[in-house]
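Taken in sequence, the protein lines are chains S and Z. The numbering of the first sequence is full-length UniProt numbering, which starts it at 1 and goes up by one. The numbering of the second sequence is full-length UniProt numbering, which starts it at 1 and goes up by one. Idealized CB from N, CA, C, for every residue including glycine. Owing to the predicted nature of the structure, the values given are computational and were not obtained by experimental measurement. Some notes on the structure that comes next.
There are 2 protein chains.
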Amino acid sequence: MEPTTEPKPEEITKSAEDSASSTKEEEKKTEQKVTAFEVEAGETGVDYNKLIDQFGCDRINEKHLEKIEELTGKKPHRFLRREIFFSHRSLDWCLKSFETGRGFYLYTGRGPSSSSLHIGHAIPFIFTKYMQEAFDLPLVIQLTDDEKFFHKQDLTFENVHKMGYDNIKDIIAFGFDPEKTFIFSDIDYIKYLYPNVCKMQKALTLNNVKGVFGFNDSDNAGKYAFPAVQAAPSFSNTFPHIFGKKKNVPCLIPQAIDQDPYFRMTRDIAKKLKYEKPGCIQSKFFPAITGLSGKMSASLANTTIYLSDDPKQIKNKIKKHAKSGGGETLEEHREKGANLEVDIPYQYLTFFMEDDEELARIAEEYSSGRMLTGEIKQICADVITEFITEYQERRKKVTDEDVQLFTSIRPINPKSSKMPEKPAEEAKK
Amino acid sequence: MEPTTEPKPEEITKSAEDSASSTKEEEKKTEQKVTAFEVEAGETGVDYNKLIDQFGCDRINEKHLEKIEELTGKKPHRFLRREIFFSHRSLDWCLKSFETGRGFYLYTGRGPSSSSLHIGHAIPFIFTKYMQEAFDLPLVIQLTDDEKFFHKQDLTFENVHKMGYDNIKDIIAFGFDPEKTFIFSDIDYIKYLYPNVCKMQKALTLNNVKGVFGFNDSDNAGKYAFPAVQAAPSFSNTFPHIFGKKKNVPCLIPQAIDQDPYFRMTRDIAKKLKYEKPGCIQSKFFPAITGLSGKMSASLANTTIYLSDDPKQIKNKIKKHAKSGGGETLEEHREKGANLEVDIPYQYLTFFMEDDEELARIAEEYSSGRMLTGEIKQICADVITEFITEYQERRKKVTDEDVQLFTSIRPINPKSSKMPEKPAEEAKK
């Protein structure tokens with residue numbers, strides 16, 4: 001996961017054309033480039049409406065939330081309530097499949113580029129855990145050691161595999177249910193992936209891969225080989241120990257929206273291979289401490305909150321580096337209030353504070369200027385510290401035996417999972 | 001194996017330039033294009049001297065034969081005595097490694113494009129069996145199901161794997177020793193291949209692959225991914241169950257010369273990966289029944305001798321279709337004799353008649369016009385029938401249990417094999 005995704009060149013162009021009629025200032029604000037390598041945007045952050053149009057995804061709406069509440073009997077996750085997971089492909093089809101007893105499974109992943117996760121990495125895992133629990137779904141999690149090896153010149157094969165192993169422990173610590181979760185590294189599970197990898201690689205021309213990812217002839221052969229490896233877990237017959245003879249079980253992939261090109265490509269090929277198209281449910285980026293113009297990156301240690309940070313480090317990073325939407329001076333702040341849209345502490349609270357009413361209260365207090373920047377930073381540090389502390393408690397307890405358990409090739413059988421006995425029909429979209 | 005190999009474009013050009021000073025008629029004779037897809041040559045066949053120059057290999061000479069006889073205590077195989085295996089890379093290094101107790105192993109393979117082998121496919125296996133026996137060497141044999149799947153549009157993944165399985169039985173029937181031989185399909189053994197596949201793929205740019213194989217952007221991604229899969233068995237750490245902790249055991253690859261581009265590339269990368277460069281020992285092509293301008297092809301059923309043919313079919317194919325070097329009329333033949341160089345029955349005898357003196361007698365009788373075309377065709381049919389009948393006897397006895405035995409992941413331990421305890425130094429060439 002987290003691969004070298006780039007929108008098709010024509011889509012980048014389209015984006016530029018869209019803003020051609022705007023004034024120069026507006027242009028500067030909305031100018032953006034979203035790839036898995038980098039997220040560049042203006043100070044007001046990524047224009048997600050534009051991204052949905054570019055990629056051709058659909059917006060998650062009130063009806064989806066109502067349906068999810070109906071099917072799970074629970075209030076939808078705050079990431080859904082607050083439009084953090086905001087975009088999808090074939091979500092309706094997956095929900096319908098669940099409702100009619102056919103079921104679906106979840107697939108997510110991680111590229112082990114560092115031995116410690118940061119808080120941005122947590123978003124898809126938090127959401128996936130919620131989905132697994134709420135719908136009682138089987139879940140597969142892929143560690144793309146190979147991809148990170150191809151894309152990071154200085155990583156050795158052995159090191160990346162070692163980091164992947166450590167990351168499996170980090171992932172387990174999000175609280176996934178071992179009865180329902182299979183975690184695998186591509187390197188170890190490649191024998192099972194390989195039939196679908198080959199089928200994908202045969203169906204993809206170099207032109208296709210270049211078009212989707214923007215590679216050129218100086219890129220290594222592994223980068224061209226890899227997209228098929230990320231695609232393979234989208235098809236249920238990649239997991240015979242989970243799905244047995246059940247064919248074409250639908251798959252839903254929680255992901256940050258920059259992964260969309262991978263699965264747009266996968267969906268195109270699925271059609272050719274007569275496989276069910278995987279669905280996607282897509283999040284906004286977790287913003288960098290320094291502001292909305294980028295997403296959090298593991299390469300900037302001082303401004304990145306790691307899941308291994310202690311409370312003091314968390315507090316320091318937020319207090320010192322978090323971009324504020326508050327006024328320049330106390331007077332200005334009291335008078336005009338804070339701009340919540342660009343205020344990183346407030347934005348972080350939308351990700352991590354569970355209580356809607358308390359969040360609304362803070363929004364009101366802060367935007368009116370009654371609450372000061374120092375205060376909201378403290379609240380933010382407290383909320384994040386609470387999340388990370390709880391995470392670290394679970395992380396400490398994860399053992400090599402747990403890794404053995406989660407990664408062993410075995411049946412996983414959610415009690416109430418409704419797996420189809422017959423091939424599902426092609427997803428409509 | 002038998003992949004889409006093409007000499008580098010500049011090499012093809014070089015070949016054309018070499019003959020630019022010749023007369024047009026000479027040009028026509030020597031014009032040739034050698035790829036794994038096709039062998040095009042004039043009526044006098046492939047100019048192997050030119051090919052050695054193009055590819056940058058070395059000719060096998062009398063000293064090699066003397067050394068082989070010294071090391072094995074046996075007369076070198078007729079394929080060596082008759083320059084059918086005529087070219088090499090790092091053969092001296094492998095022989096030296098054997099002589100000094102470091103040892104080496106053999107690697108060959110087959111791409112399962114048809115469920116029945118033809119007699120041309122037998123050549124590398126006959127030679128490899130000789131090498132295994134004479135030197136008492138461990139041997140690995142790769143079935144490149146994936147490669148054939150990528151290169152043959154109409155083959156399904158399941159069919160090609162089924163053909164590969166049948167081909168394993170055909171290969172076992174050449175008489176390989178199960179104590180010394182490990183046979184594997186890429187699809188089944190990919191987990192062990194994958195670390196070296198990834199390392200190769202990272203080290204190869206698209207430009208490299210295009211340069212060696214002549215692919216373009218309309219080719220599928222699998223074709224670009226595959227060369228690394230064929231390369232991986234050249235490195236002994238791909239087989240931990242055979243070589244254990246022994247590092248960089250030298251590898252010698254018996255092959256038809258059209259496979260050279262694969263291993264030229266592999267040798268280049270080996271250097272980057274600090275692996276031992278594999279050696280190669282290379283054969284001429286087994287010519288088509290219809291003449292030296294092509295190699296035998298499985299796609300022309302009437303003029304291809306299959307290892308499943310019965311004596312009547314063999315006789316018919318040779319009598320009806322074998323290109324003759326004899327005179328046009330009986331008178332002309334008696335007067336001028338036969339041209340052995342272009343006579344297919346005689347050429348086939350050089351491959352399959354063991355007795356040097358008898359072969360010399362036939363050459364003398366036939367080239368002088370005393371022996372007639374019908375007579376040499378009969379001798380040829382008899383010799384080939386004997387070979388194929390014996391082969392079929394062995395083939396009948398090969399069981400699913402034999403496949404299980406040869407393909408199981410296990411130690412293989414030739415009694416007298418001298419495997420190095422320490423990494424071998426880099427091959428000089």
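- With a threshold of 8 Å between beta carbons, Z:Leu-340 makes no contact with chain S.
- The beta carbon of S:Asp-146 falls within 8 Å of a beta carbon belonging to chain Z, placing the residue at that interface.
- Think of a sphere of 8 Å around the beta carbon of Z:Tyr-224: the chain S residues whose beta carbon falls inside it are Leu-206, Ala-221, Tyr-224, Ala-225, in chain order.
- DSSP places S:Cys-94 inside the alpha helix (DSSP H), whose first and last residues are 91–99.
- The secondary-structure analysis by DSSP pairs S:Val-140 across a beta bridge with S:Tyr-107, S:Phe-182.
- The bridge partners DSSP lists for S:Glu-70 come to none.
- Z:Gly-337 carries a coil assignment under DSSP once its states are collapsed to helix, strand and coil.
- The C-beta of S:Gln-201 comes closer than 8 Å to at least one C-beta of chain Z.
- Within chain S, the residues Thr-205, Leu-206, Asn-207, Lys-210 have their CB atoms less than 8 Å from the CB of Z:Asp-217, given in chain order.
- Taking the Cα positions, Z:Gly-337 is about 39 Å away from Z:Glu-70.
- For S:Ala-256, the uninterrupted beta strand (DSSP E) run begins and ends at 251–256, by DSSP.
- When Z:Lys-96, Z:Glu-62, Z:Met-163 are compared, the shortest CA-CA separation from Z:Ser-87 is found for Z:Glu-62.
- With contacts defined by Cβ atoms closer than 8 Å, Z:His-64 and Z:Tyr-130 do not form a contacting pair.
- DSSP places Z:Ile-388 inside the alpha helix (DSSP H), whose first and last residues are 373–397.
- Taking a beta-carbon distance threshold of 8 Å, Z:Phe-243 does not count as an interface residue toward chain S.
- Taking every protein chain shown into account, the CB of Z:Leu-206 has 16 or more other CB atoms within 10 angstroms, so this residue is buried.
- Under the 8 Å criterion on CB atoms, S:Lys-271 is classed as non-interfacial with respect to chain Z.
- S:Ala-322 is positioned such that its CB atom lies no closer than 8 Å to that of S:Lys-284.
- Annotation for Z:Ile-84: no alpha helix (DSSP H) segment contains it, and DSSP assigns it neither H nor E.
- Only exposed fits Z:Thr-399, as fewer than 16 other CB atoms lie within 10 angstroms of its CB.
- Out of S:Met-200, S:Pro-178, S:Tyr-105, the CA that lies nearest to the CA of S:Ala-232 is found in S:Met-200.
- Where Z:Lys-295 is concerned, there is no enclosing alpha helix (DSSP H), although the beta strand (DSSP E) around it starts and stops at 291–295.
- For S:Ala-228, at least one C-beta of chain Z is nearer than 8 Å to its own C-beta.
- Against chain Z, a Cβ distance below 9 Å from S:Ile-187 picks out Lys-191, Tyr-194, Pro-195, Cys-198.
- Note that the C-beta distance between Z:Phe-182 and Z:Val-140 is below 8 Å.
- By the C-beta density criterion, S:Arg-59 is exposed, having fewer than 16 other C-beta atoms within 10 angstroms.
- Cβ-Cβ distances below 8 Å link S:Pro-240 to Tyr-192 in the same chain, with the five nearest sequence neighbours on each side left out; the list follows chain order.
- The stretch 144–154 of chain S makes no contact with the stretch 83–100 of chain S; the number of CB pairs closer than 8 Å stays below 3.
- Burial check for Z:Ser-368: the Cβ neighbour count within 10 Å stays below 16, so the residue is exposed.
- DSSP, reduced to helix, strand and coil, places S:Thr-407 within a helical segment of the structure shown.
- In terms of beta-carbon proximity, Z:Phe-213 stays away from the interface with chain S, with every pair separated by 8 Å or more.
- Within the stretch 215–278 of chain Z, the complete beta strand (DSSP E) segments of 3 residues or longer fall at 251–256, listed in chain order.
- Under the 8 Å criterion on CB atoms, Z:Phe-149 is classed as interfacial with respect to chain S.
- One thing to note: Z:Phe-352 has its Cβ no nearer than 8 Å to the Cβ of Z:Val-403.
- Cβ-Cβ separation between S:Thr-128 and S:Pro-254: approximately 5 Å, consistent with a contact (criterion under 8 Å).
- Rounded to the nearest whole angstrom, the C-alpha separation of S:Lys-315 and S:Glu-386 is 12 Å.
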